[in-house]
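Report on one structure; see the data block that follows.
Residue numbers (my numbering), protein chains in the order written: chain A, 1 to 156; chain B, 1001 to 1156.
Here you go:
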C-alpha cells in the first residue's frame, strides 16, 4: 500500500483563517495541531494547539504563570473572545517549518523512515512533492501508519 | 472547572512495556504519543509515536531513507515483528523530559499557560505535583482544554 491509499483527509487552515476557526477545528477533531496550507493547498506550516493558546493568554500571564490563578471562568470566556480577532498568520511560530511531505507513491516503510527522521507525528502527502505547485492530497498520522503496519493481534 | 474535572484517562505505558504493546495502544487510541509512567504512576516521559517507528526501521534505512523503497509489504511485516522484542525503555529519546504536570486544583487558564509556555499538546494532572510520589490522576490535551474554553458556536 502506498501513501496515496494511506492518506486521509486532515483538517487544514490557511494563514488568513481566524484563530477561532482553527481552535474549533482542533477541538472538534481532537487534534494536537493543524496543517496550514496556502491558497493552492500546498502545506506551509504546522500550527501546534499550544500556539493557539498563546492567543488567549495575556502576555503578563505568559511571563508569570502564577498570575493565571487570579482568572476565574468568566474571565476565561472574555479571553477566548480574543481568538476571533486573531489570524492564524499571527500565531505561527517564528521557527516554523512545513510538515514533512511524502510522495503519493511512497511505501509504508519510506513514510515510517521520514516520520522517524523528522520526529514528526504526521506527514502531508502530495503528487510529486518536488514540484513547487503540488497540492496536498491528504495526510498520514503515526497512529494511522502503525494501524496499517502492525500485524493483527491474536485476539482479533 | 479545575484540572481534576478536566482530566481524562490517557493511555500510559511503563519503561518495561513492550514496544509492540505501546504501538498497539497508540494505534488504537489514534494518539501522537503516549505517557510513560513509573511503577507508582508518576509521569516520567512522553514516548512520541515517531520514536516507536525507529524500532521498526533498519539502521541503514534511517541513515539513508532512499533505501526504504527496496522494502515491500512482506518485509514490513517482518520489521514490525521486531517491536515485540524491544522495550519502551530502549526507545525513549535521550533528551527526554517528563510531560508538564499540573496541580489537580489548577484553573483552565493556568493549564493553558503551562501548555503555551512548554509548547506541549498535553499535561499530566496530579494531586500536589511537588510531592515526588504524587501519582498521575489523568491528563488534559490541548483539544480537550479548548473544548472547555471555547464559547458555544452560534450553530450549536
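Glycine is no exception: its CB is placed at the ideal position from the N, C-alpha and C atoms.
Residues bridged to residue i [DSSP beta-bridge criterion]
{"i": "residue 2(A)", "result": "107(A)"}
{"i": "residue 1019(B)", "result": "DSSP output for residue 1019(B) lists no bridge partner at all."}
{"i": "residue 1097(B)", "result": "Answer is none; residue 1097(B) lacks a bridge partner."}
{"i": "residue 1140(B)", "result": "1123(B)"}
{"i": "residue 1102(B)", "result": "1125(B)"}
{"i": "residue 1013(B)", "result": "1036(B)"}
{"i": "residue 1151(B)", "result": "Bridge partners of residue 1151(B): none, in fact."}
{"i": "residue 117(A)", "result": "According to DSSP, residue 117(A) bridges with nothing at all."}
{"i": "residue 1045(B)", "result": "1036(B)"}
{"i": "residue 87(A)", "result": "18(A)"}
Contact list for residue i against chain B, beta-carbon separation under 7 angstroms
{"i": "residue 125(A)", "result": "Under the 7 angstroms cutoff, chain B gives no residues; its nearest Cβ is about 15 angstroms from residue 125(A)."}
{"i": "residue 138(A)", "result": "Neighbours of residue 138(A) on chain B: none; closest Cβ ~16 angstroms, over 7 angstroms."}
{"i": "residue 7(A)", "result": "Going along chain B, no residue has its Cβ under 7 angstroms from residue 7(A), so there is no contact; the nearest lies around 15 angstroms."}
{"i": "residue 27(A)", "result": "1143, 1146, 1147, 1150"}
Where residue i meets chain B, residues with beta-carbon distance less than 9 angstroms
{"i": "residue 49(A)", "result": "1115, 1121, 1141, 1142, 1143, 1145, 1146"}
{"i": "residue 23(A)", "result": "1146, 1149, 1150"}
Residue i and residue j closer than 8 angstroms at C-beta
{"i": "residue 87(A)", "j": "residue 56(A)", "result": "no"}
{"i": "residue 1032(B)", "j": "residue 142(A)", "result": "yes"}
{"i": "residue 1144(B)", "j": "residue 1008(B)", "result": "yes"}
{"i": "residue 1151(B)", "j": "residue 77(A)", "result": "yes"}
{"i": "residue 79(A)", "j": "residue 1027(B)", "result": "no"}
{"i": "residue 1069(B)", "j": "residue 110(A)", "result": "yes"}
Sequence-distant residues of the same chain with beta carbon closer than 6 angstroms to residue i, five excluded per side
{"i": "residue 1134(B)", "result": "1126, 1127, 1128"}
{"i": "residue 2(A)", "result": "105"}
{"i": "residue 49(A)", "result": "26, 32, 33"}
{"i": "residue 96(A)", "result": "45"}
{"i": "residue 1004(B)", "result": "1104"}
{"i": "residue 63(A)", "result": "none"}
Cutoff 7 angstroms; reference residue i; Cβ partners in own chain excluding five residues on either side
{"i": "residue 43(A)", "result": "35, 37, 98, 99, 101, 124, 136"}
{"i": "residue 1156(B)", "result": "Legend: pLDDT at residue 1156(B) = 47, less than 50; position of this residue unreliable, no value from coordinates given."}
{"i": "residue 67(A)", "result": "60, 61"}
{"i": "residue 1138(B)", "result": "1007, 1008, 1009, 1010, 1125"}
{"i": "residue 58(A)", "result": "none"}
{"i": "residue 1085(B)", "result": "none"}
Per-residue contacts from residue i into chain A (C-beta, under 7 angstroms)
{"i": "residue 1110(B)", "result": "65, 68, 69"}
{"i": "residue 1054(B)", "result": "116"}
Own chain residues within Cβ distance below 8 angstroms of residue i, not counting five before or after
{"i": "residue 1090(B)", "result": "1019, 1055"}
{"i": "residue 1016(B)", "result": "1087, 1088, 1089"}
{"i": "residue 1148(B)", "result": "1001, 1006, 1108"}
{"i": "residue 1092(B)", "result": "1015, 1036, 1045, 1047, 1051"}
{"i": "residue 1040(B)", "result": "1133, 1135"}
{"i": "residue 1112(B)", "result": "1145, 1149"}
{"i": "residue 1030(B)", "result": "none"}
{"i": "residue 81(A)", "result": "none"}
Within chain A, the residues that residue i reaches when beta carbons sit closer than 8 angstroms
{"i": "residue 1012(B)", "result": "Within 8 angstroms Cβ-Cβ: nothing; residue 1012(B) doesn't reach chain A, min ~16 angstroms."}
{"i": "residue 1061(B)", "result": "109, 113"}
C-beta neighbour in chain E for residue i, strict 8 angstroms
{"i": "residue 1092(B)", "result": "In the structure shown, chain E cannot be found, because the protein chains are A and B."}
Contacts that residue i makes with chain B (C-beta to C-beta distance below 8 angstroms)
{"i": "residue 57(A)", "result": "1109, 1112, 1113, 1116"}
{"i": "residue 87(A)", "result": "Neighbours of residue 87(A) on chain B: none; closest Cβ ~17 angstroms, over 8 angstroms."}
Interface partners of residue i on chain A, CB under 9 angstroms
{"i": "residue 1079(B)", "result": "109, 112, 149"}
{"i": "residue 1030(B)", "result": "30, 141, 143, 144, 147"}
Could you tell me whether the region 1016-1028 of chain B touches the region 1114-1123 of chain B, where touching means 3 or more Cβ pairs closer than 8 angstroms? The answer is no - the region 1114-1123 of chain B does not touch the region 1016-1028 of chain B, with fewer than three Cβ pairs under 8 angstroms.
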